[in-house]
Ligand code: ZN
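Residue numbers (our numbering): 65 to 376.
Below, the structure is given as structure tokens:
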């Protein structure tokens, strides 16, 4: 059974840069490219299969027309999305709604996301959570623009991982390169954008009322820690998050892992470092691959790190 390689698509952003080209070799549209949508079936940008008998088919159509490839998955649409984010400048302070709010207000899914920090320049940080203890305090601090008082800043380094549940105030800081796994949603509420203007001098739209509707008060931190597991003498696997929507882990192989049992309806492999051979296919840093339901085991050879995502 074939592995399915996906063609990334790219989104220009005012805070974007050129690292998706310099670090990942992608053919990006400009030096303001902020996001690679590496695995997506979202209506705002679907990725395509680039090899084998499904070459040229969008992931959205494949999920709809070939459910046998996705095993027991039975969402209306392909439910996951994987991006790489190049934050040359900082992103807006934002929050995402849960499924219920998103369905009612936006006809979209909620957006539980999580971040694996691929690289971070020295002194990089993120905004992760806030300090308000009540809705009243939150509303007051927002109304008066007391951002430093409200927001919690955390320093980051390569290899860090953050689950970002719905309702969590967050912002990626300048200098971070991040692999993001999320629900298939494009609904973002901007709380604060540092009063930045675009190249036409316009401020970006904010969504204060909706943000205040959905922000968790008080902030609930969601730490998850799992020990790395040795798969054999050449390889280690570590779970990063297991939540209602997805399970994400990191596999490092330096040598040969002859049999990785998948035990899931399908999975997504994102090669974040190195290269090698998986089930006979040559794979390189930057590749994103779906292992269909019919593939039960992987034979992995090489020196590489893989983020493995599956539905939960
Ligand atoms: Zn976000």
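For glycine and all other residues, C-beta sits at the position ideal for the given N, C-alpha and C. Predicted, not measured: the structure shown is a model, and the values here were computed from it.
Item                                                                                                                                                                  : Value
With a 10 Å radius around its C-beta and 16 neighbouring C-beta atoms as the bar for buried, classify residue 106 as buried or exposed.                               : buried
Going by DSSP in three states, residue 226 sits in which element: helix, strand or coil?                                                                              : strand
Can you determine whether any heavy atom of the ligand ZN sits closer than 7 Å to the C-beta of residue 160, and answer yes or no?                                    : yes
For a test of your reading of the model: does the CB of residue 252 fall under 7 Å from any non-hydrogen atom of the ligand ZN? Yes or no.                            : yes
Please classify residue 363 as buried or exposed, where buried requires at least 16 neighbouring CB atoms within 10 angstroms.                                        : exposed
Which whole-angstrom value describes the C-beta separation of residue 334 and residue 243, a residue pair presumed to lie in contact below a C-beta threshold of 8 Å? : 6 Å
Does the ligand ZN have even one heavy atom less than 7 Å from the beta-carbon of residue 141?                                                                        : no
Out of 327, 317, 328, which has the shortest C-alpha to C-alpha gap to residue 338?                                                                                   : 317
Does the Cβ of residue 293 have 16 or more other Cβ atoms within 10 Å, making it buried, or fewer, making it exposed?                                                 : exposed
Please report the straight-line C-alpha distance between residue 350 and residue 323, rounded to a whole angstrom.                                                    : 23 Å
When the Cα of residue 159 is compared with those of 368, 193, 118, 297, which residue comes out closest?                                                             : 193
Based on Cα-Cα distance, which residue from 373, 187, 246, 282 lies nearest to residue 215?                                                                           : 282
So is the beta-carbon of residue 283 under 7 Å away from any non-hydrogen atom of the ligand ZN?                                                                      : no
Under 8 Å, with one C-beta from each stretch per pair, do the region 344-358 and the region 218-231 reach the 3-pair mark?                                            : no
Would you identify the three-state DSSP class for residue 125, choosing helix, strand or coil?                                                                        : helix
Once you ignore the five residues that flank residue 370 on each side, which residues in its own chain have a CB closer than 6 Å to its CB?                           : 315, 333, 335
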